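Undergrad:
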Amino acid sequence: QTLSIGTAPAVDGIKMAGLFPVAELSFDCGDIPLSIKMIAFSPFIPGRDEDSGTPAAFFRLTISNKGDRPLKVSAMASAVNCIGSWNVARYNEALSEGNLAGIIFRKDRPDPFDPREGTIALAARHTADTDTFICDSSPYVKKCFRDLAADDLIVAGWDQFSQFGSLPAGLGPQRLEGEFGEWIGAIAQRQRDPLLPGTSTQWEFVYAWHMPNHPNGHQYERKYPDAWAVVEDAFARFDELYQSTVSWQNSLVQHAALPDWLADALINNLYPIVSGSWWVRDGRFALLECPTHHPLLGTLDVHYYGSIPLALSFPNLEKSTMRQFAHYQLADGYIPHDLGKNRLDCPSTGTSAGPRWKDLCSKFVLLIYRNVLYWQDEQFLTEMYPTLIRAMEWQASTDQDGDGLPENEGMDSTFDNWIMSGVTPYTGSLYLAALRAAEKCALLMHDPQNARVFHERFVRASHSFDALLWNGTYYRATTDNDCTICQLNGQWYAHMLGLGYLLPPDRVKRAVQAMLDLNAVCSPYGAINSVSARGRATPKDDLNHQAGNILPGETYALAALAIFEGFTDPGLDLARKTYVNIAGQSGCIWNQPDVISADDGKALFGDDYERNMSIWSLLPALAQHDQQIASLWLQLLDQAKSFAMGRGKDELREI
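Going by the numbering used here, the first residue of the sequence shown is number 2, and it counts up by one from there.
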């Protein structure tokens, strides 16, 4: 650390290079002639769902002697017992089995209803040239935790470690009895012989957890009985899991046709699949919209944007999400907004009071067709088709005046702080794309009657959309003449799915040019969602923070659409400036917001937000113009098809 804790000194500086899920840290030790580097990661391997859900963090520490004389070196790892919501009755237990040594953090008399109950383990691996020491239990806090500060913390065994590279034995598995205290445990490894100049040594640590008390449990419980079992498996496969994780990263990082920043962005935007997901004991899976601010599971209007890499990398998890939405479809055909708040069995119709949302059923249909297209999975289509038909009938019922298009009635779409009324280009273009996708699905299902119905509805709706909304330059917002970056969102998805043009191609291109000329240049941090015909941002107010600011996920969708339409450099520039702001100025690369300020680029709403994974749509867009990227995209689709064929529905819970 760069700040002292207790009597432990600080390093002069720490540099980190992050490429999800791997962090590479280097430590500046000042005058000490050592190079200290650490790799920290958790496995993330496309197609290997179970391994990518391993409940452990892996650490590899490499120490090199850069001086001209031998040096004595040791390394220590420590952790605080945080089992249970109440610290009383926590205790630590030392354990040594085979070539592993470590500490298990437990709690006496665990609360059967507390999801934080379980076990945690911190362990190291014995090596022939290393002595291992365990301090199982030591006080962590000097005085009452309510006034906790860095000076009040005690690093277990630091005084002995700093002098001799070893640790005291600790107090044993003593039960914590007062609210004022915390137990910390530590492991130290000391190289027996001094480290010679120009040589290195390496140590590995694993921190694992096992929390079975959540009402729905965790998928990993089916494989591991406790945290120590996780540790044993982690060390047994440490190298293979690391190499497999890095291997798929390299397929993007080392790709000659991908700009460096884009490869970085594609990889680092994947973190919500881990940090914002829930994979429960019976096999159900869903992503959280944003874990802290809005912990709704599955949130379909956002999943539409963010699930592209999920469908490519973990098709069976994507299937689980879609099956749950199909299961909870309402009797009238409406697809719910989410599966529940921190739960998977209590769906809601939307976040805003009043009318049901006008984008959800269209998005559901587009997701079904996308998945069928990616996976070439006709069985999945057969399973989903009745739900698709009912969803399309509900969507058709939202046409109030016979023009063939849905009418918005307020804050009834993904822009749930933004009042939209009547025919709007956002929900209208989504419906056009959904009609095309539904027609394709009907043809695949040998259902010519519904295919004809969807085709006829598309022709009428497309004509109405063009006649009602085209202002000569772009497709305007209905209630005013503003230019919104979501006006052709359905065309973005249609291009990704090979559905062709929804509207006259020349007008689509002119509208994209207008969005680049107006919305994309108003802020250095991304494309503003809504601007006037003169390029002025829609005024902000306390209710609507969406219209006049930037949603990175929407900006990436516009960037991909621009690339599809041949504006390759402007599209890449737009996506790049948006990502650079998030990664650079905002510094929240693995905790990205949904809304950022158009004025200063700072986060306004959302944590660990799923929508920003829409940046993956740049790949199929670029594939239209670059043969090397086209080959990469085809490889990803072939891989997704292979993954989807791996584990079938029968191995997941029937709901």
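Virtual Cβ for every residue (Gly too), placed ideally from N, Cα, C.
All values reported here derive from a predicted model rather than from experimental measurement.
Let me check one thing: in DSSP terms, what residues is M421 bridge-paired to?
TA: Paired residues: G411.
Undergrad: According to DSSP, is E319 helix, strand or coil?
TA: Three-state DSSP puts E319 in a helix.
Undergrad: Of the choices D115, N66, D69, whose alpha-carbon is the least far from that of W87?
TA: Minimum Cα distance to W87 is reached at D115.
Undergrad: What first and last residue would you give for the beta strand (DSSP E) that runs through E222?
TA: First-last for E222: undefined, no H or E at that position.
Undergrad: Please report the distance separating the alpha-carbon of L197 from that of S65.
TA: About 9 Å.
Undergrad: Have a look at the DSSP bridge pairing and note the partners of R107.
TA: For R107, which the question treats as bridged, DSSP gives the partners Y92.
Undergrad: Restricting to runs no shorter than 4 residues, where is the alpha helix (DSSP H) found entirely within the region 198-273?
TA: Here the runs fully enclosed are 228-237, 239-254, 261-269.
Undergrad: From P169 to F162, what distance separates their C-alpha atoms?
TA: Roughly 8 Å separates the two Cα atoms.
Undergrad: Which stretch, first to last residue, makes up the alpha helix (DSSP H) that contains S363?
TA: 361-376 is the extent of the alpha helix (DSSP H) around S363.
Undergrad: Please return the same chain residues whose Cβ sits closer than 8 Å to the Cβ of S75, not counting the five positions on each side in sequence.
TA: Excluding residues within five positions, the ones whose Cβ falls inside 8 Å are F162, G166, S167, A189, Q190, R191, Q192.
Undergrad: Based on the DSSP secondary-structure assignment, which residues constitute the bridge partners of C291?
TA: Note: C291 sits in a beta bridge opposite H295.
Undergrad: Using 8 Å as the Cβ pair cut-off and three pairs as the minimum, do the region 509-526 and the region 470-490 touch?
TA: Segments in contact, yes.
Undergrad: Using beta-carbon positions only, say whether D265 and S353 come within less than 8 Å of one another.
TA: Contact: no.
Undergrad: Q203: which of N100, H219, V275, I40 sits nearest, CA to CA?
TA: It is I40.
Undergrad: Excluding five sequence neighbours on each side, which residues of the same chain lie with their C-beta closer than 6 Å to the C-beta of I185?
TA: If we look at I185 and ignore the five residues flanking it on each side, its Cβ neighbours are S79, V81, S139, Y141, A157.
Undergrad: Between the beta-carbon of D339 and the beta-carbon of T300, is there less than 8 Å?
TA: Yes, Cβ-Cβ distance for D339 and T300 is below 8 Å.
Undergrad: Take the Cβ of S321 as the centre, count every other Cβ of all protein chains shown within 10 Å, and call the residue buried at 16 or more, exposed below.
TA: Classification for S321: buried.
Undergrad: How many angstroms separate the CA atom of S615 from the CA atom of E319?
TA: Approximately 15 Å, taken between the alpha carbons.
Undergrad: Please confirm whether any heavy atom of the ligand ADP lies closer than 7 Å to the CB of A604.
TA: This structure lacks the ligand ADP, and indeed carries no ligand of any kind.
Undergrad: Do the CB positions of G607 and P594 come within less than 8 Å of each other?
TA: Yes, these two residues count as a Cβ contact at 8 Å.
Undergrad: How far does the beta strand (DSSP E) with R191 in it reach, from first residue to last?
TA: Note, R191: beta strand (DSSP E), 184-192.
Undergrad: Report the residue ranges of all alpha helix (DSSP H) runs contained in full by the region 564-591; include only those spanning at least 4 residues, in chain order.
TA: Counting only runs of 4 or more, we get 569-581.
Undergrad: Could you say which of S278, R49, T55, D112 lies nearest to V231 if we only look at CA atoms?
TA: Of the candidates S278, R49, T55, D112, the one whose C-alpha sits nearest the C-alpha of V231 is T55.
Undergrad: Below 8 Å, how does it come out for the region 204-215 and the region 226-240: are there three or more Cβ pairs, yes or no?
TA: Yes, since at least three Cβ pairs between the region 204-215 and the region 226-240 fall closer than 8 Å, the two stretches touch.
Undergrad: Consult DSSP for D481 and reduce its assignment to one of helix, strand or coil.
TA: In the structure shown, D481 sits in coil (DSSP, three-state: anything other than H, G, I, E or B).
Undergrad: Can you look up W280 in the DSSP assignment and give me helix, strand or coil?
TA: Note: W280 maps to strand in three-state DSSP.
Undergrad: Entirely within the region 18-77 and at least 4 residues each: give me those alpha helix (DSSP H) ranges in chain order.
TA: With a minimum length of 4 residues, the continuous alpha helix (DSSP H) runs that stay inside the region 18-77 are 50-53.
Undergrad: Out of A462, N545, D402, point me to the one whose CA is closest to G411's CA.
TA: Looking at the Cα atoms, N545 is the closest of the given residues.
Undergrad: Work out the CA separation of Q244 and G48 for me, nearest whole Å.
TA: Looking at the two C-alpha atoms, the distance is approximately 15 Å.
Undergrad: With DSSP run on the structure shown, which of helix, strand or coil describes K650?
TA: The predicted position of K650 is uncertain, since its pLDDT is 38 and thus under 50; no value can be drawn from it.
Undergrad: My assumption, with CB atoms under 8 Å, is that M77 sits in contact with A187. Please give the rounded CB distance.
TA: With a Cβ gap of about 6 Å, M77 and A187 count as contacting.
Undergrad: Let me make sure I understand the geometry here. Which of E25, E611, I274, H295 has the alpha-carbon closest to that of I1?
TA: Residue 1 is absent from the model: the chain starts at 2 and stops at 656.
Undergrad: For N269 and F21, which I take to be in contact (beta-carbon distance under 8 Å), what is that distance rounded to the nearest angstrom?
TA: That pair is a contact at about 5 Å.
Undergrad: Where D360 and S531 are concerned, what is the direct C-alpha to C-alpha distance, given to the nearest angstrom?
TA: So the two alpha carbons sit approximately 18 Å from each other.
Undergrad: Whose C-beta lies closer than 7 Å to the C-beta of I366 among residues of the same chain, with five residues either side of it excluded?
TA: This sequence places Val at residue 366; Ile is not what is there. Correct list, in chain order: L389, A392, M393, A435, A438, A439.
Undergrad: Given a cut-off of 8 Å on the beta-carbon distance, is the pair P292 and S276 in contact?
TA: Yes, the pair counts as a contact, with Cβ atoms nearer than the cut-off.
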